[in-house]
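Working notes, beginning with the structure itself.
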Amino acid sequence: MFEKRLLAATGKAIVKLYLQEFDLSRLTIERTKKEIEGDFTLVVFPLLKISRKSPGQTATELGEALMKELPEICSFRVIKGFLNLILSDDYWLSFLSGNVNSEEFGICPALSKEKVVLEYSSPNTNKPLHLGHVRNNLLGYSLSKILTARGYEVIKVNLVNDRGIHICKSMLAYMRLGNGETPESSGMKGDKLIGKYYVLFDRMYKEEIRVLMEKGLSEEAAAQQSPLMLEAREILRKWEASDAETVTLWKQMNGWAYQGFDVTYKRMGVDFDHIYYESETYLMGKDMVVEGLEKGVLKRRDDGSVWIDLTAEGLDEKLLLRSDGTSVYMTQDLGTAGLRYNDYHPSRMIYVVGNEQNYHFDVLKRVLLKLDKPYAPGIFHLSYGMVELPEGRMKSREGTVVDADDLMEEMFLTAGEMTRELGKASELPEKEAEKLFEMIGLGALKYYILKVDPKKNMLFDPKESIDFNGNTGPFIQYTCARINSLIEKATALNLLSATEQAIHGITLLPAEKETIKMLTMYPQVIGQSADELNPAIVANYVYELAKTYNQFYQESPVLKEENPELRQLRLMLSVLTASVIRKSLALLGIGSPQKM
RNA sequence: GGUCUCGUAGCUCAGUUGGAUAGAGCAACAGCCUUCUAAGCUGUGGGUCGCGCGUUCGAAUCGCGCCGAGAUCACCA
Numbered sequence: 011m012f013e014k015r016l017l018a019a020t021g022k023a024i025v026k027l028y029l030q031e032f033d034l035s036r037l038t039i040e041r042t043k044k045e046i047e048g049d050f051t052l053v054v055f056p057l058l059k060i061s062r063k064s065p066g067q068t069a070t071e072l073g074e075a076l077m078k079e080l081p082e083i084c085s086f087r088v089i090k091g092f093l094n095l096i097l098s099d100d101y102w103l104s105f106l107s108g109n110v111n112s113e114e115f116g117i118c119p120a121l122s123k124e125k126v127v128l129e130y131s132s133p134n135t136n137k138p139l140h141l142g143h144v145r146n147n148l149l150g151y152s153l154s155k156i157l158t159a160r161g162y163e164v165i166k167v168n169l170v171n172d173r174g175i176h177i178c179k180s181m182l183a184y185m186r187l188g189n190g191e192t193p194e195s196s197g198m199k200g201d202k203l204i205g206k207y208y209v210l211f212d213r214m215y216k217e218e219i220r221v222l223m224e225k226g227l228s229e230e231a232a233a234q235q236s237p238l239m240l241e242a243r244e245i246l247r248k249w250e251a252s253d254a255e256t257v258t259l260w261k262q263m264n265g266w267a268y269q270g271f272d273v274t275y276k277r278m279g280v281d282f283d284h285i286y287y288e289s290e291t292y293l294m295g296k297d298m299v300v301e302g303l304e305k306g307v308l309k310r311r312d313d314g315s316v317w318i319d320l321t322a323e324g325l326d327e328k329l330l331l332r333s334d335g336t337s338v339y340m341t342q343d344l345g346t347a348g349l350r351y352n353d354y355h356p357s358r359m360i361y362v363v364g365n366e367q368n369y370h371f372d373v374l375k376r377v378l379l380k381l382d383k384p385y386a387p388g389i390f391h392l393s394y395g396m397v398e399l400p401e402g403r404m405k406s407r408e409g410t411v412v413d414a415d416d417l418m419e420e421m422f423l424t425a426g427e428m429t430r431e432l433g434k435a436s437e438l439p440e441k442e443a444e445k446l447f448e449m450i451g452l453g454a455l456k457y458y459i460l461k462v463d464p465k466k467n468m469l470f471d472p473k474e475s476i477d478f479n480g481n482t483g484p485f486i487q488y489t490c491a492r493i494n495s496l497i498e499k500a501t502a503l504n505l506l507s508a509t510e511q512a513i514h515g516i517t518l519l520p521a522e523k524e525t526i527k528m529l530t531m532y533p534q535v536i537g538q539s540a541d542e543l544n545p546a547i548v549a550n551y552v553y554e555l556a557k558t559y560n561q562f563y564q565e566s567p568v569l570k571e572e573n574p575e576l577r578q579l580r581l582m583l584s585v586l587t588a589s590v591i592r593k594s595l596a597l598l599g600i601g602s603p604q605k606m
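Take any residue in the first sequence, count from 1 to its spot, add 10: that is its number in our numbering.
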């Protein structure tokens, strides 16, 4: 990597010029801004104290010294305290010929084969997946790809919340009103069917509360005394007591939910290596609480409940076991963390979970630290922001929830309309065309969501459909498809073999050089997005790359170029660009159509 | 009220971890298809980086204080 060698050379040059060592971490080397001539920029302001010269003079003498150290540097320009180094065209050309035929370009070889357990999705089984889950799933899946490219071994896990009062509500409504309805008999997707009964429960419950309040009860008392709620709790109690009838219905209804989820996951293109179920893990963690009591880290109150005191760390006291000895959400998460560690011995455990649970994960990590668990420091909550609608958060009550299946279908249909409007894909057989629309529609959706910094809240307006022009997935896919067609033609003309040979001695046009420079950044982009657990870095990069290439494509002929060396250069440039776009999109879980 | 996050163009978002004249896309307007795919390219207009103070050669970026938006603080998950 050139930056490293440049920094080392700078250190040597400083010693020669100023006869003293300098803390190189105080120096920044960056890519020169587009509007300014140069490839790399060294900011010399921090050196002024030891050079005791003006910024301009310091930059100039450092530039001269660096030219002697590094043969790639062919000239430099100085603007105030900025030393802009210019590399020879041969440097960029040799980068291009060196990587154009390497499938591994950008992929880091496994350094330590560090293992990472990555949890994402984590749905409840009482309702279908919505837009919020979509962001979660896309982030999780993309991160698994990025971390893998970075050289980690990633284990994708899902923790399905299949037990609890919410599913009991759906069960109760179904027992009352179901009449044996099934996904088959109703033609409804399984998760949608469960969701329907959850909504029905909610409606009956609200009505009950209204009636009770009319009789003079407070809202709180009404919610407590509602016979429906009492009955739902009774179902939960029966479930925990392994009542046969209850468990049978529970299994049946969860099964429907899974069938539905599978369809959604498949269309979204996400998958898992291991699925944990809360019904199997919710009892875990109690042993760890006992252990904590023995160690004196936790306290038992007179009523038997167990707490951890985090007031010294600026947090509150937190319940870990109820007074009746049953476990809460936190207890279970303590247990599953331990379980995962035993299953895989990862060095890190990443949880892709919304930022509404920041407090929970903060506490989880602190408790594990206090328990002195070896895996505690490796716990990391990848907290992502909410997806908001123009009128605020999604509310199931107000029917503003954007359903994941509907959204994908809509994207598919829009992609179809769009493509036909442009008069494309008319010669494709129906099946091929549908595959294409799916790839484009989902590409638009995925890019739209992933280009935003995960930790920030983002806005989604269902009325304004997602764009297909400009900074979008289809724009990038289109750039790649155009290159694919170029490559096809080059292959037919037998021109592609020329890309095996190295090239040098060509003067690069600005657009060519800009594109090559973008390509050199790909490995660092993977590194940075993996280190920061941020797919948006890849998304924004691949957009910039496509845009830069399009400028080149617009002004320079490739196949029609008559000078064979120039043609070869442009072909190589196109081949590597297509490959990097395809791989970057794959890191986002987005497909690249051959034609569009 | 305590804790945490966010505030950049009319709208949606970037901003390489403190660097140069703060950038894209959408929307608006004006151009470019007898030339490898026009889902493209080129140009114009659009900014008190929420406000104020501080740190220093230099602040959208770091610190403090306000203002505004959101999340969270259950013997729920």
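We put the CB at the ideal spot given by N, CA and C, even for glycine.
| Query | Result |
| --- | --- |
| Distance, L417 Cα to A425 Cα | 12 Å |
| V257 versus W249 - alpha carbon distance | 6 Å |
| Residues that D212 bridges to, as DSSP identifies them | D212 is not bridged to any residue. |
| Whole-angstrom C-beta distance between S289 and R173, which should lie under 8 Å | 4 Å |
| 8 Å Cβ shell around L349 - same chain, five flanking residues per side excluded | Y286, T291 and M294 |
| A159 versus P603, K605 and L598, residue with shortest Cα-Cα distance | L598 |
| Rounded C-alpha distance that separates V167 from N365 | 19 Å |
| M181 - containing beta strand (DSSP E), residue span | Not the beta strand (DSSP E): M181 falls in the alpha helix (DSSP H), residues I175 to L187. |
| R277 beta carbon near the ligand NAD (any heavy atom closer than 7 Å) | The ligand content of the structure shown is nil, which means the ligand NAD is not present either. |
| Meets three-Cβ-pair contact criterion under 8 Å: the segment 441 to 454 and the segment 267 to 274 | no |
| Residue range of the beta strand (DSSP E) that includes V316 | V316 to D319 |
| Sufficient close CB pairs (3 or more, under 8 Å) joining the segment 365 to 385 to the segment 134 to 151 | no |
| Element boundaries [alpha helix (DSSP H), containing T410] | Counting along the chain, T410 falls outside any alpha helix (DSSP H), and DSSP gives it neither H nor E. |
| Inter-residue Cα distance where the pair is Y351 and T341 | 16 Å |
| Rounded C-alpha distance that separates M198 from I204 | 10 Å |
| Element boundaries [beta strand (DSSP E), containing R41] | I39 to R41 |
| Through-space distance from I536 to I156, alpha-carbon basis | 7 Å |
| Alpha helix (DSSP H) segment containing L460, residue limits | E440 to L460 |
| Where L29 falls: helix, strand or coil (DSSP) | coil |
| CB of N479 within 8 Å of CB of F470, strictly | no |
| CB contact flag (N171, T135, <8 Å) | yes |
| DSSP state of G161 mapped onto helix, strand, coil | coil |
| Meets three-Cβ-pair contact criterion under 8 Å: the segment 497 to 516 and the segment 581 to 600 | yes |
| Spatial neighbours of Y354 in its chain, beta-carbon cut-off 7 Å, leaving aside the 5 residues before and after | K125, V127 and I165 |
| Best match in R403, Y369 and V412 for proximity to L392 [C-alpha to C-alpha] | Y369 |
| Whole-angstrom distance between V411 and K405, CA atom to CA atom | 6 Å |
| Nearest-angstrom Cβ-Cβ length linking I175 and A242, presumed shorter than 8 Å | 6 Å |
| Proximity below 8 Å, CB of V373 to CB of L320 | yes |
| Cβ shell of T38 (< 6 Å), same chain only, five flanking positions each side left out | V53 |
| Residues near K206 in its chain [Cβ-Cβ closer than 8 Å; skip 5 each side] | M198 |
| DSSP beta-bridge partners of V362 | L392 |
| Three-state secondary structure assigned by DSSP to H140 | strand |
| Inter-residue CB distance, N494 and Q367 (contact presumed, cutoff 8 Å) | With a Cβ gap of about 43 Å, N494 and Q367 do not count as contacting. |
| Cβ-Cβ distance between G395 and K466 below 8 Å | yes |
| Candidates E323, V397 and A386, of which the one nearest G345 by Cα | A386 |
| Cα-Cα separation between L210 and E217, rounded to whole angstroms | 11 Å |
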